[in-house]
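Take a look at the structure set out below.
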Amino acid sequence: MAATETAATLAPTPPRRRVVPAAVRRRRFLVGVAEHSLLIVAAIAFLAPFVFMALTSLMTTDQALSPKLWPEPFRWSNYTNVFEQAPLLRYALNTLIYSSLATLGMLVSSIPVAYALAILRWRGRDLVFLLVLVAMMLPPQVTIVPLYVLWAKLNLVGTLAPLIVPNWFGDAFSIFLLRQFFLTIPQPYIDSARVDGCGEFRIMTTVVLRLAKPAIAAVALFMFLLTFSDFFGPLLYAGDEQSNWTLSLGLAQFRVLHQVQWNLTMAATIIVILPVVVLFFFAQKAFVEGVTLTGVKE
Amino acid sequence: MSPWIVGFGVFFGYPLVTTVYLSFTHYDLLEPSRWIGTANYKYLFTQDTQIWPSVYNTLWLVAIMVPLKVMFAFGVALMLLRARRGVGVFRTIFYLPALAPPVAATLGFVYILNPATGPVNGALGLVGIEGPLWFSDPTWAKPSITLLMLWGVGNTMIIFLAALVDVPRHLYESASLDGAGPFQRLRWVTLPSISPVILFAAVIGTIEALQLFTQAYVGSTIAAGSASSAGDPSNDLGFPEDSTLFYPVLLYQQGFRFFNMGYAAAMAVLLLIVSFAITMIIVRNSRRWVHYAGAGR
Chain W
1057 MAATETAATL APTPPRRRVV PAAVRRRRFL VGVAEHSLLI VAAIAFLAPF
1107 VFMALTSLMT TDQALSPKLW PEPFRWSNYT NVFEQAPLLR YALNTLIYSS
1157 LATLGMLVSS IPVAYALAIL RWRGRDLVFL LVLVAMMLPP QVTIVPLYVL
1207 WAKLNLVGTL APLIVPNWFG DAFSIFLLRQ FFLTIPQPYI DSARVDGCGE
1257 FRIMTTVVLR LAKPAIAAVA LFMFLLTFSD FFGPLLYAGD EQSNWTLSLG
1307 LAQFRVLHQV QWNLTMAATI IVILPVVVLF FFAQKAFVEG VTLTGVKE
Chain F
725 MSPWIVGFGV FFGYPLVTTV YLSFTHYDLL EPSRWIGTAN YKYLFTQDTQ
775 IWPSVYNTLW LVAIMVPLKV MFAFGVALML LRARRGVGVF RTIFYLPALA
825 PPVAATLGFV YILNPATGPV NGALGLVGIE GPLWFSDPTW AKPSITLLML
875 WGVGNTMIIF LAALVDVPRH LYESASLDGA GPFQRLRWVT LPSISPVILF
925 AAVIGTIEAL QLFTQAYVGS TIAAGSASSA GDPSNDLGFP EDSTLFYPVL
975 LYQQGFRFFN MGYAAAMAVL LLIVSFAITM IIVRNSRRWV HYAGAGR
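Top to bottom, those sequences are chains W and F.
Okay, so the first sequence: first residue is 1057 according to this note's numbering, each after it adds one.
Okay, so the second sequence: first residue is 725 according to this note's numbering, each after it adds one.
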């Protein structure tokens, strides 16, 4: 049903100037309202979980356990209380260390690889690209056992190092995305830089980096978000060492420790979601462009 | 380039090979690994009572959650394409949930779907429907996770939207001239034009489904904690009744709670083969129905 309806607008809309009979116009208006009402209903459904979470975060403990939806009174002190219940600032600092160092390392290491895969021509390039694809597609669980053993032998389980260090050696998904974008850079730009006597390193750091800014911003954002939200990695490597917990890990444990306090749990949840939302509004364009880029076929 | 080769070797190549080796050993991290031949695989295929439920659960995600997610993302994108006003606002609203960190999103959903006090069952109660126990009911736990994943459909939706905008107008025009109605245009113009993107969404969705861990881990531990205040932490994964015991969850439990490293490695090898095969099947079959513009020269 919905599919049939929506397909109608895929047809080109007739030019505005033509005189349209009143009946048709009214019908078109009603259809428009109907379409938008469907959108509005869907939008409300998408927003509702956030709203319920925010409302609950402002309730008293008893209210949060009742079917009531509206906080009475608003308990803003929940938000300060949360910081006393769990070392959220410590978790936030750990998260920031993990996310920023991982993102930085990914950029430094992945850009040259993507450059080599997209711009340079050399034997075995296709094979290496295939390896990147394989590394990207396989579930991380496939290699997790030996990696854990490796980090355990290095006595680094319990720290954030096992999460950060691998990113300094390149991240398959980022390499793939950057390569896709680098391919769209017109070859004449690079050739003329070569004619002017630029070395490959200078071409990369000047011509390509400047042209690929949106892609690099998107890849960095993705990496930051991915590491910020990561749960499996911190659980595995920092799970036993609370001083190295990240926000995601601390949040998951918060509920276990504070069994019935849904209000505080939701306050903590909101605190974890908020930085991401703020980041999104600052970098919306890069986000949307980046997501679109993931869907670009060769 | 060369640091990456080193990194690739240390963090991917070496572990991949070692996984295969470890899968033939008994290893608990404390004592040196001991070669035990195919014993892990024998146990896996014939004796482990949890393995088949976990395989079933994960395949359930691939068979039911992934198609739902792709269709839902496509539907939302079509709706957005149709909107004439406030596209930016709507797009932001639909995208936002995809940003919520999985732990936070799962916590929110466990609360909203809380059987006794959550708003969803409250609303269902108003219209006379007795809501299910959601995360605490073995038949509803996976649908609960599916709902959660549908809420976070934003990335796929944006990709579809970009593809839909790119469908050449003249194709619709000539289809209309040939007398194609809206449904026929959707079937014969829109779908073939964006089929590579549908394939892409299906592959990514399948890879995601095979790896699903965080939502199940957080959902089950919290629902289990609510069910019994004692909450035995060693036995809460997969709650209720192993219905959310997905393959990666079982692998985690075996490897990093029970420290049966050899056995976990055997599970990893199986996962490697299956995920590789599934991806291959999708890519192969796609040749039949995916249309690449300019292909077939």
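No residue lacks a Cβ here, since even glycine has one placed at the ideal position from N, Cα and C.
With DSSP collapsed to three states, give me the class of residue i.
| i | result |
| --- | --- |
| W:Val1076 | coil |
| W:Trp1126 | coil |
| F:Thr743 | helix |
| F:Tyr875 | Strictly speaking, residue 875 of chain F in this sequence is Trp, with Tyr absent from that position. Residue state, collapsed to three classes: helix. |
| F:Thr762 | coil |
| F:Thr870 | helix |
| W:Val1213 | strand |
| F:Thr749 | strand |
| F:Glu965 | coil |
| W:Met1004 | Past the edges of chain W, shown from 1057 to 1354, lies residue 1004 of chain W, and the structure says nothing about it. |
| F:Ile1002 | helix |
| F:Thr880 | helix |
| W:Asn1150 | helix |
| F:Ala904 | coil |
| F:Ser757 | coil |
| W:Asn1223 | helix |
| F:Thr945 | helix |
Taking residue i as part of the alpha helix (DSSP H), name the residues at either end of that continuous run.
| i | result |
| --- | --- |
| W:Glu1297 | That residue, W:Glu1297, is in no alpha helix (DSSP H); it is neither H nor E in DSSP. |
| W:Arg1177 | Per DSSP, W:Arg1177 belongs to no alpha helix (DSSP H) and is neither H nor E. |
| W:Thr1336 | Note on residue identity: the sequence assigns Phe, not Thr, to residue 1336 of chain W. 1318-1338 is the extent of the alpha helix (DSSP H) around W:Phe1336. |
| F:Phe833 | 826-836 |
| F:Lys793 | 790-806 |
| F:Tyr819 | 811-823 |
| W:Ser1230 | 1228-1238 |
| F:Leu974 | 971-976 |
| F:Arg893 | 893-901 |
| W:Leu1282 | 1269-1285 |
| F:Tyr767 | Unbroken run through F:Tyr767: none, as it is neither H nor E. |
| F:Ser778 | 775-784 |
| F:Ser919 | 919-935 |
| W:Ser1248 | 1243-1251 |
Using a Cβ-Cβ cutoff of less than 6 Å, which residues in the same chain neighbour residue i once the five nearest sequence positions on both sides are dropped?
| i | result |
| --- | --- |
| W:Ile1231 | Ser1166, Val1169, Ala1170, Val1188 |
| W:Leu1239 | Ala1174 |
| W:Gly1295 | none |
| F:Phe833 | Leu872 |
| F:Ala925 | Val794, Thr880 |
With a CB to CB cut of under 7 Å and the five nearest residues on each side skipped, what residues in its chain are close to residue i?
| i | result |
| --- | --- |
| W:Glu1345 | Pro1270, Ala1274 |
| W:Val1087 | none |
| W:Pro1218 | Trp1207, Leu1212, Tyr1293 |
| F:Trp759 | Phe748, Thr749 |
Measure from the alpha carbon of residue i to the alpha carbon of each residue in the options, then state which is nearest.
| i | options | result |
| --- | --- | --- |
| W:Leu1330 | W:Phe1106, W:Leu1234, W:Gly1161 | W:Phe1106 |
| F:Ala829 | F:Arg909, F:Trp875, F:Phe963 | F:Trp875 |
| F:Ile869 | F:Thr880, F:Ala947, F:Arg809 | F:Ala947 |
| F:Phe859 | F:Asp966, F:Leu823, F:Tyr765 | F:Asp966 |
| F:Leu871 | F:Leu785, F:Val973, F:Tyr767, F:Ile882 | F:Leu785 |
| F:Val800 | F:Pro906, F:Ile882, F:Glu897 | F:Ile882 |
| F:Tyr738 | W:Gln1236, W:Arg1082, W:Tyr1245, W:Val1198 | W:Val1198 |
| F:Pro862 | F:Ile836, F:Phe963, F:Gln978 | F:Phe963 |
| W:Ala1104 | F:Asn984, F:Ala847, F:Val921 | F:Ala847 |
| W:Ser1156 | W:Val1205, W:Leu1277, W:Phe1310 | W:Leu1277 |
Count the other C-beta atoms from every protein chain shown that fall within 10 angstroms of the C-beta of residue i, then say buried if there are 16 or more, exposed otherwise.
| i | result |
| --- | --- |
| F:Met1004 | exposed |
| F:Thr945 | buried |
| F:Leu934 | buried |
| F:Leu888 | buried |
| F:Gly986 | buried |
| F:Gln771 | exposed |
| W:Met1227 | Sequence inspection shows Asp at residue 1227 of chain W; the Met mentioned does not correspond to that position. Per the 10 Å Cβ criterion, buried. |
| F:Thr762 | exposed |
| W:Pro1123 | exposed |
| F:Leu850 | exposed |
| F:Asn838 | buried |
| F:Gly943 | buried |
| F:Ala764 | Per the sequence presented here, residue 764 of chain F reads as Asn, with Ala not at that position. Its Cβ being crowded by 16 or more others within 10 Å, F:Asn764 is buried. |
| W:Ser1248 | exposed |
| F:Ile853 | exposed |
At a threshold of 7 Å, does residue i count as lining the ligand MN (C-beta to nearest heavy atom)?
| i | result |
| --- | --- |
| W:Leu1094 | You won't find the ligand MN in this model; it holds no ligand whatsoever. |
Leaving aside the five residues before and after residue i along the sequence, list all residues of the same chain whose C-beta is less than 8 Å from its C-beta, in chain order.
| i | result |
| --- | --- |
| F:Leu820 | Gly878 |
| W:Pro1196 | Phe1288 |
| W:Gly1214 | Tyr1293, Ala1294, Asp1296, Glu1297, Asn1300 |
| W:Val1164 | Trp1224 |
| F:Pro807 | The sequence given here places Ala at residue 807 of chain F; Pro does not occur at that position. The answer, listed in chain order, is Phe814. |
| F:Leu768 | Ile775, Tyr987, Ala990, Met991, Leu994 |
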